[in-house]
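Student: Here it is, the structure in full.
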Amino acid sequence: MGILSNGRPLNWSEIQSVKTIFKNHALNDLILILNKHKKTHNDAFLWSDEIEYSLIRFNHENKRVQLCSKADEILKRFQQLNNDKTISELSQIIFHVEDCNFVIEGIPSKPYHSHPNNYYYVQSNMILSISKVLLLFLIDNF
Numbered sequence: 032m033g034i035l036s037n038g039r040p041l042n043w044s045e046i047q048s049v050k051t052i053f054k055n056h057a058l059n060d061l062i063l064i065l066n067k068h069k070k071t072h073n074d075a076f077l078w079s080d081e082i083e084y085s086l087i088r089f090n091h092e093n094k095r096v097q098l099c100s101k102a103d104e105i106l107k108r109f110q111q112l113n114n115d116k117t118i119s120e121l122s123q124i125i126f127h128v129e130d131c132n133f134v135i136e137g138i139p140s141k142p143y144h145s146h147p148n149n150y151y152y153v154q155s156n157m158i159l160s161i162s163k164v165l166l167l168f169l170i171d172n173f
């Protein structure tokens, strides 16, 4: 999504108060793009989603939260699993490093197309992506 170069990140309560506005803006942008290009023929309309994961470790005993700066190790492990075909659905999601070593990003391996059925894949791919990250953390104890 990029580096925040102007302003500051919102805290949780600030996000909660404006998340509906952001969702509406995103949907309106999608509708504008679709309407702008609806008369375009023989030119595939491709789009995608992304999830950025902040890698953190909870120490409940000491009531501490720490950044887990192991994005490189985690990405290598995902690559091993893909190569071994250990988790077959994993190949549907591509993970790569973001701007720092405590954030990774998951995106679908293939873009979505303009057919309305593709909109149904977004949530299932996001759930798949989240489950793979959680599973890797549980299995490999990162």
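Residue numbering for the sequence shown follows my numbering, starting at 32 and increasing by one per position. Cβ coordinates follow ideal geometry from the N, Cα and C atoms, glycine included. Values in this document were obtained by computation on a predicted structure and should not be read as measured data.
Going by other Cβ atoms of all chains shown within 10 Å of its Cβ, with 16 needed for buried, is LEU86 buried or exposed?
Tutor: By 1-based counting over the sequence shown, the position of residue 86 is 55. LEU86 comes out buried.
Student: Between the stretch 141 to 161 and the stretch 73 to 83, do at least 3 Cβ pairs fall closer than 8 Å?
Tutor: Touching, per the Cβ criterion.
Student: Thinking C-beta only, is ALA102 closer than 8 Å to ILE135?
Tutor: In the sequence shown, residue 135 corresponds to position 104, counting from 1. In the sequence shown, residue 102 corresponds to position 71, counting from 1. Their beta carbons are under 8 Å apart, which means ILE135 touches ALA102 by this criterion.
Student: Excluding five sequence neighbours on each side, which residues of the same chain lie with their C-beta closer than 8 Å to the C-beta of CYS99?
Tutor: Residue mapping note: residue 99 aligns to position 68 of the sequence shown, counting from 1. Cβ neighbours of CYS99 beyond the five flanking positions: LEU86, ILE87, ARG88, PHE133, PHE173.
Student: Considering only their Cβ atoms, is the gap separating GLU129 from GLU83 smaller than 8 Å?
Tutor: For this step, residue 83 is matched to residue 52 along the sequence shown. For this step, residue 129 is matched to residue 98 along the sequence shown. Taking 8 Å as the Cβ cut-off, GLU83 and GLU129 qualify as a contacting pair.
Student: Quick check on PRO40: does DSSP put it in helix, strand or coil?
Tutor: In the sequence shown, counting from the first residue as 1, residue 40 sits at position 9. DSSP places PRO40 in coil when its eight states are reduced to three.
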